[in-house]
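Worksheet: one structure, shown below.
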Amino acid sequence: MLTTITARLIAATSLIALSSVAMAAEVNVYSSRHYDSDDALYEEFTKETGITVNRIEGKADELIARLEAEGENSPADVLITVDAGRMVRAEEAGVLQPYKTDEINKFVPEYLRHPDNLWFGVSQRARIIFYDKDRVENPPRTYEALADPEYKGQICIRSSSNVYNQSLLASIIEADGADEAKTWAQGIVDNLARAPQGGDTDQLRGLVSGECDIAVANHYYFLRAYDEDVEGLSAGIDNIGWVWPNQSGRGAHLNLTAAAMAKSSPNPEEAQALLDFLTGDYAQYHFANQNNEYPAVPGVGLDKDTARLGFFVPDTTTPTASFSANAKQAQEIFNAVNWQ
Ligand code: FE2
C-alpha cells in the first residue's frame, strides 16, 4: 500500500517536473557575434514563441573547441559564427547536424548554404575597396587590380590571420585558380603601404592619416563612422571614396554570418524554431540593418543608413562553402608570399 502511494507520489512529482521543463522551453546559442543589437532580436523570438534564448558568446574557434570537448553532453543547440569560413572547422570537428530544410531553404539562396544543410547564411558583409579621393584618381575596380604594380606602396589591408582576408583569398582561389591567387597575394604584399596591422577600422583610419591611399575593409566599419564618432575616421570620412569591386564580373565578395544546429542539441525543436525565425522577415531586417549588414534573404529591405553605399552586384557565383573548402590552401598561399 505504502509502496503504491510512494509510487504515485513519485509519478506525480515527475509529472510536475516534466511540465515545468515543458513550460520553460529554452534554446542555448553559442555565438561569436558580439553585437548588443542582437539582444532585441532574441527578445522578439522569445515574445513570439515563449522560448528563452540563453547565449554564450566567444570567439568561434573557442566555441567550436568547447562543443568538441563537451561532446554528447553539450548543452549547445545552435552555433552562430560571424564568418562561414569558421563553419568548416565546426564541420571537421563533427559538431553539427543538418537542419530541417522546409522553411530555410525556401528563403536562403543555395550559394549561401552548405550543400548538405549543415549551416546557412543569415546576414552578409561586403569586403570592398576604399580610397582617398584626392590622392587616387584611378582606384582599382576589381580585387585582382589591387595587385597591379600601379598601386605600389599604396595599399593597406590587415593581416592574413584575419578570417575576412582568408575568405577573400579563398574566393579568389575559387574564381581564378590557385596559381593566379598566389600571384595576386604576392602582388598585394608588393603593393603594401605598411606591414599589415590593426583591424578594418585601422585600415580606414590609414586613409585619413595619409599612411594609406587605398584600403580594403568590410563595409560596415565605414558606415559605423557615419553613425558614431569613430576617432581618426569620422572627421575625414567625406574624403573617402569606395569601389564595389568586380561589378562587371563575378560581383563583390561578401562574407557571411552563418547559423547551424549543434550535433547533440538537447532542444532540437526549439533550435529549429530559432533557425527558422532567423530567416523570417523580422529577423532578416533587424539582424542585418541593426549592424548595417546585408540580409541573406533576397528582397528584405535595407534602412537608409545601410543603403548609403548604394546598389551593387554581389558575387553569387562563388559558393560560400568554397571559402571553407579553400581555407587551407589560402593559408598556404599567405605563408608562401609572407603576408604577415
Ligand atoms: Fe567585423
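Numbers 1 to 340, taken from the numbering used here, label the letters of the sequence shown in order.
Glycine is no exception: its CB is placed at the ideal position from the N, C-alpha and C atoms.
- When DSSP states are grouped into helix, strand and coil, S248 belongs to the coil group.
- The way I'd put it, the stretch 290-297 does touch the stretch 30-43; three or more beta-carbon pairs between them come closer than 8 Å.
- DSSP places R194 outside both helix and strand once states are collapsed to three, so it counts as coil.
- Short note on N218: C-beta closer than 7 Å to some heavy atom of the ligand FE2.
- Between N239 and D305, the C-beta gap is not smaller than 8 Å, which leaves the two residues out of contact.
- Residue nearest to C156 within the set V300, I104, L256 and R194 is R194 (criterion: CA-CA distance).
- Q272 and K100 do touch by the CB rule: their CB atoms are close to 5 Å apart, below 8 Å.
- Separation of L112 and K106 (C-alpha to C-alpha, rounded to the nearest whole angstrom) is 12 Å.
- Note on the stretch 99-175: whole beta strand (DSSP E) runs with a minimum of 3 residues are 120-132, in chain order.
- Annotated three-state conformation of V297 is coil, per DSSP.
- Under the three-state reduction of DSSP, T279 is assigned to coil, being neither helix nor strand.
- Under DSSP, A217 shares a beta bridge with I128.
- Under the three-pair Cβ rule at 8 Å, the stretch 180-197 does not count as touching the stretch 117-133.
- Counting only the Cα atoms, Y282 lies some 18 Å from E270.
- Ranked by how close their Cα comes to the Cα of L204, the residues G236, L169 and T183 have G236 in first place.
- With a beta-carbon spacing of about 5 Å, T257 and V122 fall inside the 8 Å limit used to define contacts.
- Here the alpha carbon of L274 sits roughly 18 Å from the alpha carbon of V95.
- Under the criterion of beta carbons closer than 8 Å, V27 and D102 do not qualify as touching, at roughly 18 Å.
- Per DSSP, the beta bridge partners of M261 are V78 and Q97.
- For R55, the uninterrupted beta strand (DSSP E) segment begins and ends at T52 to E57.
- Per DSSP, reduced to three states, the secondary structure at P268 is helical.
- In this structure, P140 and D148 form a Cβ contact; the two beta carbons are roughly 7 Å apart against a cut-off of 8 Å.
- The criterion of a C-beta distance shorter than 8 Å is satisfied by L254 and A126.
- Using a Cβ distance threshold of 8 Å, F130 and W244 do not count as a contacting pair.
- Between the stretch 47-56 and the stretch 208-222 there are fewer than three inter-stretch CB-CB distances shorter than 8 Å, so the stretches are not counted as touching.
- Between N326 and I188, the gap from beta carbon to beta carbon reaches 8 Å or more.
- When only Cα atoms are considered, D190 and A90 end up about 34 Å apart.
- G199 sits in coil when the DSSP states are folded into three classes, being neither helix nor strand.
- Secondary structure of N255 (DSSP, three-state): strand.
- Assigned with DSSP and collapsed to three states, S37 falls in coil, not helix or strand.
- Per DSSP, the beta bridge partners of Y30 are I56 and L79.
- In the three-state reduction of the DSSP assignment, G310 falls in the coil class, being assigned neither a helical nor a strand state.
- When DSSP states are grouped into helix, strand and coil, G187 belongs to the helix group.
- Counted as a single uninterrupted DSSP element, the stretch harbouring I237 is not any beta strand (DSSP E), since DSSP gives it neither H nor E.
- In the DSSP annotation of this structure, the continuous segment of the alpha helix (DSSP H) that includes K328 starts and ends at A327 to A336.
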